[in-house]
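Asks:
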Amino acid sequence: MTEKETIVLIHGAFTNCADWKQIASDLDQSFHVLTPDLPGHGDAAETRFTMGKAADTIHTLIQSSATGGKAIACFLRMVCAWIGSSFVGRAGVMRELAS
1 MTEKETIVLI
11 HGAFTNCADW
21 KQIASDLDQS
31 FHVLTPDLPG
41 HGDAAETRFT
51 MGKAADTIHT
61 LIQSSATGGK
71 AIACFLRMVC
81 AWIGSSFVGR
91 AGVMRELAS
């Protein structure tokens, strides 16, 4: 049995992962769904938001929890993007750009 591809649902500013609750429930049959709270939002342990910390959060989550060889990242109120299995290597670039 193959593992489900992962979809990471990322909330926007001034919100939290609860924004994705219904959509995550709908997608759960077909995908391994991850809905993190970004730093400074919701129940995130880190209270100060920076783009670098957000990139680190997403990178760590995908590296530790993604299944199926690919991850799709969807940003609330932003663009959806395919992120291939090489995303983990590219996250360092994201962190550099965000710093």
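Residue numbers (UniProt numbering): 1 to 99. Positions of the beta carbon are idealized from the N, C-alpha and C atoms, including for glycine.
#1: Determine the extent of the beta strand (DSSP E) in which residue 38 is found, giving its start and end residues.
#2: Looking only at C-alpha atoms, which of 68, 35, 60 and 21 sits nearest to residue 8?
#3: Report back the beta-carbon spacing between residue 40 and residue 46 to the nearest angstrom; my notes put them in contact at under 8 angstroms.
#4: When you compare only the Cα positions, how much space is there between residue 75 and residue 32?
#5: Quick one: give me the first and last residue of the beta strand (DSSP E) that residue 71 is part of.
Replies: Based on what the coordinates show:
#1: For residue 38, there is no enclosing beta strand (DSSP E), as DSSP marks it with neither H nor E.
#2: If we check each option's Cα against that of residue 8, 35 comes out closest.
#3: The pair is a contact, with the Cβ atoms about 7 angstroms apart (cut-off 8 angstroms).
#4: Rounded to whole angstroms, residue 75 and residue 32 show a C-alpha spacing of 16 angstroms.
#5: In this chain, the beta strand (DSSP E) harbouring residue 71 covers 71–75.
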